[in-house]
Amino acid sequence: MPTVVLLDVSLSMSRPVPTSDTTENHTRLTIASTAINTFLDYLSVHAKLEYVALVTYSSLYEVSVPFTRDYDLIRNKLPLLEEGDKTCIETALLGVNQLILSEWGYQTPVQTIIITDGSCGVGAIGRTRIIQALPLPPSYPTRIHVLPIVSPHDPCLQQAMPLYQKIVDLATGTANSSNLSISCGAIFCPDQLSVPGAISAMTRLCEQYYQEFWCTLKCGQLESRVQLFPAPQAALHDGLVASYTIAHQLHVVGFLHQQDLGTPIAISKHLVIPQAQAGSAANKENYESKTPTKETSSTDGSATEEDMSDPSKVPNFCVLLHGALKVESMTAIVQLGSDWWGTLTAWCEASRARRSCLLLSVLRPGVSAAPWLGPLDQLGPADDNTSPEPFPIRSWRSYSSGGSGCAWARPHALLADVQKVLRHARKLPDKTQHLYKELNRLRRAAISLGFSELLTCVGNALERECAALPTSAPPECALQLAHAAAALRDPRTALDIKHVLQPLAANFTVTSMSH
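All the letters of the sequence shown, read from the start, carry residue numbers 1442 to 1956 under this note's numbering.
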């Protein structure tokens, strides 16, 4: 996931660090720069595709280096940083939020590493005021780490620790719709105020939160050792507390044409990079997957020495799968774990390099990740299908309340469908059947598109219609509207596309009682 390095350049960072070595003079800022270089060196080996941005702050913030994979830009910028005035962490975090939202939006998980001098610059009252002003949690999934350049026994650090811990805790309180479970960040204090101490603290951070994720991709008897980048996070299932974790063996269970699969919601996407072959001189930067042609094949069927030095030309299951998916315009269905699936497609980088590899899209946990296909654990070979219907089979979607599908290519089309529901709601009880027919049509389309928020909004609108009923309205109107609103938001059937909403069955005849 992208990373923002948030570096404190306030005046207190320029304080010299006492040392017994008279040949070197260090300040807290130079030690912080060494820690950042250690971080970049680690990424260059283990996560060279990671995007990193450098943001400096004092009372104001500045984006010194925007998101880049060219880490030398950040290395060259560090010696040129200018001193600021006082520390204002809340302003810096606000600037980081704006940068991330403009670059990555609301769905991409991002990490932030705060490097400061371990002093919040205020007392207990000022610290409480800062906590109240923190722009946390943000509107995107994130994890924040703090690396204070200070001795662990410094009294200033003890006073600032509650603030740092609050920042770390608040950052992971984001209520996002991506179904990802982002673990909490941490505070990494150096063992001593020195260059080795800062390097050791940064190394611990990298080893804990920037580890590579390796697994085995299998399809029948074929398999390949691959790396998923970025490393996948645990995911949450709607209504369940337990989280889902991707297994270390990914099984390709079938193939679908891309037009049949459609576009199910993906909670994250990862490049699938095959492991370099033994004896290859090339590193993981060469992650191209190329389909061999007659022109590139040797006449005797054996690979040349030049071909063997390039992992993209060495026979590999990933290369075979990439070529097959690209030529046939198909998508592979991959089982990531129990009741958890993903899709593999052939991906090509939109740049002059034209590098290509497999792209894994992680779907929401559960068998209904693509509702229009039915339960994913029940898909079978196409040869077993004797139905005249084209794939995917939809025999279970013969609803009694049928109706044509919804086409929402323009905003006014969606608005027209919602208004149609509300018009029927205002003509109850005569339009009860028409209301539920439209609700079922709208509900199926919303679930198929992953637009579950629409159902909540329509339920709220029906409740408002119920509250606005005149006193002369029959009691059936209020009961049917309340029933429809509750049925739309019922968590037990919220994502069940086979469920059909039925009108409230009751006797609304009012009889007079003799006294």
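Just so you know, even glycine gets a beta-carbon here, dropped at the ideal spot from N, CA and C.
**Q.** Cβ contact (3+ pairs, closer than 8 Å) linking the stretch 1443-1452 and the stretch 1592-1611
**A.** no
Q | Among P1806, T1786, R1666 and G1778, the one whose alpha carbon lies nearest that of G1764 | A | T1786
Q.
Taking 8 Å as the threshold (C-beta atoms), are I1623 and T1583 in contact?
A. yes
**Q.** Residue(s) in a DSSP beta bridge with K1710
**A.** S1802
Q) Should Q1776 be labelled buried (16 or more other beta-carbon atoms within 10 Å of its own) or exposed? A) buried
Q. Ordered along the chain, which non-local residues of its own chain (more than five positions away) have a Cβ less than 8 Å from that of D1818?
A. D1780 and V1808
Q.
Helix, strand or coil, according to DSSP, for T1509 in the structure here?
A. strand
Q. What is the DSSP secondary structure of V1551, reduced to helix, strand or coil?
A. strand
Q | Closest Cα partner of L1604 within the set E1531, R1882 and T1657 | A | E1531
Q | Selected residue, minimal CA-CA separation from R1805, among I1706, D1526 and S1505 | A | I1706
**Q.** Nearest neighbour of T1471, chosen from A1926, P1520 and T1479 [CA to CA]
**A.** P1520
Q.
What does the alpha-carbon distance come out to for the pair S1641 and Y1483?
A. 12 Å
Q | For W1813 and S1889, believed in contact at Cβ under 8 Å, the rounded distance | A | 5 Å
Q.
For a test of the three-state rule: what should DSSP assign to P1829, helix, strand or coil?
A. Residue placement at P1829 is flagged as unreliable, the pLDDT there being 48, under the threshold of 50; the coordinate-derived value follows with that caveat. The answer is coil: DSSP assigns P1829 none of H, G, I, E or B.
Q.
Assuming G1638 is part of the beta strand (DSSP E), what are its boundary residues?
A. First-last for G1638: V1636 to Y1650, but that is the alpha helix (DSSP H), not the beta strand (DSSP E).
**Q.** CB of S1485 within 8 Å of CB of Y1512, strictly
**A.** yes
Q) Are the beta-carbon atoms belonging to E1978 and L1922 less than 8 Å from one another? A) This structure leaves residue 1978 out entirely; the chain is present only between 1442 and 1956.
(Q) So L1883 and V1862 are supposed to be a Cβ contact under 8 Å. How far apart are they, rounded? (A) 6 Å
Q) So is S1836 buried or exposed if we call it buried at 16+ other beta carbons inside 10 Å? A) Because the pLDDT of S1836 is 40, which lies under 50, any placement of that residue in the model is unreliable, and the number read from its coordinates should be weighed accordingly. It counts as exposed.
Q.
On the CB-based measure, 16 or more other CB atoms within 10 Å of its CB, does R1456 come out buried or exposed?
A. exposed
Q | CB-CB length for T1644 against H1689, believed under 8 Å | A | Not a contact, Cβ separation roughly 25 Å.
(Q) Assuming K1872 is part of the alpha helix (DSSP H), what are its boundary residues? (A) Here K1872 belongs to no alpha helix (DSSP H), and DSSP marks it neither H nor E.
Q | Reference N1881, options P1852, A1914, L1869 and L1936, closest by Cα | A | L1936
Q.
Short of 8 Å in beta carbon distance, which residues of its chain neighbour P1443, apart from the five on each side in sequence? Order them along the chain.
A. E1491, Y1492, V1493, A1494, F1508, I1541, E1544, W1545, T1549, V1551 and Q1552
Q: Have a look at V1941 and H1698 and give me their C-alpha separation to the nearest angstrom.
A: 29 Å
Q: Using three-state DSSP, classify S1721 as helix, strand or coil.
A: Its pLDDT being 45, under 50, S1721 is placed unreliably by the model, and nothing is read from it.
Q) Given P1715, which residues of its chain have a CB within under 6 Å of its CB, disregarding the five upstream and five downstream residues? A) S1665, V1667, N1757 and C1759
Q | Limits of the unbroken beta strand (DSSP E) element including G1783 | A | W1781 to C1789
(Q) Am I right that V1591 and D1558 are in contact with their C-beta atoms under 8 Å? What's the rounded C-beta distance? (A) 6 Å
Q | Option nearest T1934 by Cα separation, candidates R1885, A1488 and L1691 | A | R1885
Q. Can you tell which of F1629, L1903 and S1580 has the C-alpha that lies nearest to the C-alpha of R1864?
A. L1903
Q. For T1460, is the classification buried or exposed, using 16 other Cβ atoms within 10 angstroms of its Cβ as the cut-off for buried?
A. exposed
(Q) What does the alpha-carbon distance come out to for the pair Q1860 and P1932? (A) 24 Å
Q. Are there 16 or more other CB atoms within 10 angstroms of the CB of N1901, so buried, or fewer, so exposed?
A. exposed
Q: List the endpoints of the continuous beta strand (DSSP E) containing S1665.
A: L1663 to F1670
Q: Taking the CB atoms as reference points, tell me whether G1703 and A1810 lie closer together than 8 Å.
A: no
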